[in-house]
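Q:
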Amino acid sequence: MMTPLANVDEDKLNTRLNDGKVDPAGRLLAGTMAKEKPDVQLERKQGSLYSVNSDLTVTKLLSQVDISNGLEWSLDQRTFFYIDSLSLTVDAFDYEQTSGSLANRRVVYQMKEGEGLPDGMAIDVDGRLWVACYNGGRVINIDPTTGVRLQTISLPVTKVTSCCFGGPDFSDLFVTSASLGLDQSEQSQQPLAGNTFRVRGLGVKGQPSKPFLG
């Protein structure tokens, strides 16, 4: 049996939760987006980003979001990295760890032609971001300080959705993908769509996920 922790977007019937992740202080951040409808363009700016605190109170951090996706924090915990997919950017905010407040939004990476939409992301122990590229068939490694793409991992599927580090020493990158939205021809060309991939030998390590303290 599942017990709800909190309610969000109670004034909207057309949204759903998307990505979520726990911050270094043990809060759960989770974002919403408009529900997808067959053959209908996604309704824009319907989503929000929320923080669920350890006492289960909820704070809205952002509104007017299209598709709330990747969430990460810098190694010094002072910067929050965020992806609203349709913006085609990876953004950063100043992050106040005690209150969880956001300030000073700026772009740290602009997606390039052919890279698709930025989706989920992870950070390694060097402070570099690994961004899943939906409709781009790849994961890109970027330096958020310089905005430079350092590496590209190509995958045999187009709809790459998220990634995280794991394995005994967190040196393996696990990458998820989707098959929803592929037509019959595309599915026949991408028989592995919807699978999770394990990438080894990157020469970097990630960190374990933080537990929710609520």
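Each step along the sequence shown adds one to the number in UniProt numbering, with nothing skipped, and position 32 is 32.
Here a beta-carbon is modelled for each residue, glycine too, at the ideal position from N, C-alpha and C.
All values reported here derive from a predicted model rather than from experimental measurement.
Out of L61, T15, D55 and F174, state which residue places its alpha-carbon closest to the alpha-carbon of R200.
A: Counted from its first residue, the sequence shown places residue 200 at position 200. With distances taken between Cα atoms, R200 lies closest to F174.
Q: Does DSSP classify S179 as helix, strand or coil?
A: By 1-based counting over the sequence shown, the position of residue 179 is 179. Three-state DSSP puts S179 in coil, outside helix and strand.
Q: Quick one: Cα of L49 to Cα of K37, how far?
A: Translated into the one-based positions of the sequence shown, residue 49 becomes position 49. Translated into the one-based positions of the sequence shown, residue 37 becomes position 37. Rounded to the nearest angstrom, the two C-alpha atoms are 21 Å apart.
Q: Does the count of Cβ pairs from the stretch 62-72 and the stretch 7-23 closer than 8 Å reach three?
A: Flag = yes, the stretch 62-72 and the stretch 7-23 touch.
Q: Looking only at its chain, what residues have a beta carbon closer than 6 Å to the beta carbon of G214, apart from the 5 residues adjacent to it on each side?
A: Along the sequence shown, read from residue 1 onward, the residue named residue 214 stands at position 214. Hits under 6 Å: S54 and L56.
Q: At what residues does the alpha helix (DSSP H) containing Q184 begin and finish?
A: The residue you call residue 184 lines up with position 184 of the sequence shown. It spans Q184 to Q189 - the alpha helix (DSSP H) in which Q184 sits, taken as one unbroken run.
Q: Ends of the beta strand (DSSP E) at K60?
A: For this step, residue 60 is matched to residue 60 along the sequence shown. First-last of the beta strand (DSSP E) with K60: V58 to V65.
Q: Please classify Q190: is it buried, with 16 or more other beta-carbons within 10 angstroms of its beta-carbon, or exposed?
A: As a first step, residue 190 must be located in the sequence shown, where it is residue number 190. Buried.
Q: DSSP state of G162, grouped into three classes?
A: As a position in the sequence shown, residue 162 is number 162, starting the count at 1. Per the sequence shown, the amino acid found at residue 162 is Ser instead of Gly. Strand, per DSSP.
Q: Mapping the DSSP letters down to three states, classify L150 as helix, strand or coil.
A: The residue given as residue 150 occupies position 150 in the sequence shown. Three-state result, L150: strand.
Q: Can you find the residues in the same chain that come closer than 7 Å, C-beta to C-beta, to T98, ignoring five residues on each side of it along the sequence?
A: In the sequence shown, residue 98 corresponds to position 98, counting from 1. Counting only Cβ-Cβ distances below 7 Å, and skipping sequence neighbours, we find nothing.
Q: Relative to the C-alpha of G31, which candidate in K12, A6, V65 and Q41 has its C-alpha closest?
A: Translated into the one-based positions of the sequence shown, residue 31 becomes position 31. Looking at the Cα atoms, V65 is the closest of the given residues.
Q: Between which two residues does the beta strand (DSSP E) containing F170 stretch?
A: Taking the sequence shown and counting its residues from 1, one reaches residue 170 at position 170. Unbroken run through F170: none, as it is neither H nor E.
Q: Count the other CB atoms, across all protein chains shown, that sit within 10 Å of the CB of S185; report buried if there are 16 or more and exposed otherwise.
A: What you label residue 185 is simply residue 185 of the sequence shown in a count that begins at 1. Answer is exposed; the Cβ neighbour count stays below 16.
Q: Between N135 and the rest of its own chain, which residues show a CB-CB distance below 8 Å, the 5 nearest in sequence each way excluded?
A: For the purposes of this step, residue 135 is identified with residue 135 of the sequence shown, where counting begins at 1. These residues qualify, in order along the chain: G116, L117, T158 and K159.
Q: State the Cα-Cα distance for the pair P211 and G26, rounded to the nearest angstrom.
A: By one-based count along the sequence shown, residue 211 stands at place 211. By one-based count along the sequence shown, residue 26 stands at place 26. Rounded to whole angstroms, P211 to G26 spans 6 Å at the Cα level.
Q: Assuming S51 contacts L61 under a Cβ cut-off of 8 Å, what Cβ separation, rounded to an integer in Å, is found between them?
A: As a first step, residue 51 is located in the sequence shown; it is residue number 51 there, counting from the start. As a first step, residue 61 is located in the sequence shown; it is residue number 61 there, counting from the start. That pair is a contact at about 6 Å.
Q: Taking the CB atoms as reference points, tell me whether S179 and G194 lie closer together than 8 Å.
A: Here residue 179 corresponds to residue number 179 of the sequence shown, with the count starting at 1. Here residue 194 corresponds to residue number 194 of the sequence shown, with the count starting at 1. A contact, by the Cβ cut-off of 8 Å.
Q: Nearest-angstrom Cα distance between S101 and S188?
A: By one-based count along the sequence shown, residue 101 stands at place 101. By one-based count along the sequence shown, residue 188 stands at place 188. Looking at the two C-alpha atoms, the distance is approximately 46 Å.
Q: Where D11 and P168 are concerned, what is the direct C-alpha to C-alpha distance, given to the nearest angstrom?
A: Along the sequence shown, read from residue 1 onward, the residue named residue 11 stands at position 11. Along the sequence shown, read from residue 1 onward, the residue named residue 168 stands at position 168. Distance between the alpha carbons of D11 and P168: 44 Å.
Q: Taking only runs that begin and end inside the stretch 62-126, name each unbroken beta strand (DSSP E) of 3 or more residues, in chain order.
A: Here the runs fully enclosed are 68-73, 79-84, 89-96, 101-110 and 117-123.
Q: Helix, strand or coil for T145 per DSSP?
A: Your numbering for residue 145 matches position 145 in the sequence shown. Looking at T145 - three-state DSSP - the assignment turns out to be coil, as it is neither helix nor strand.
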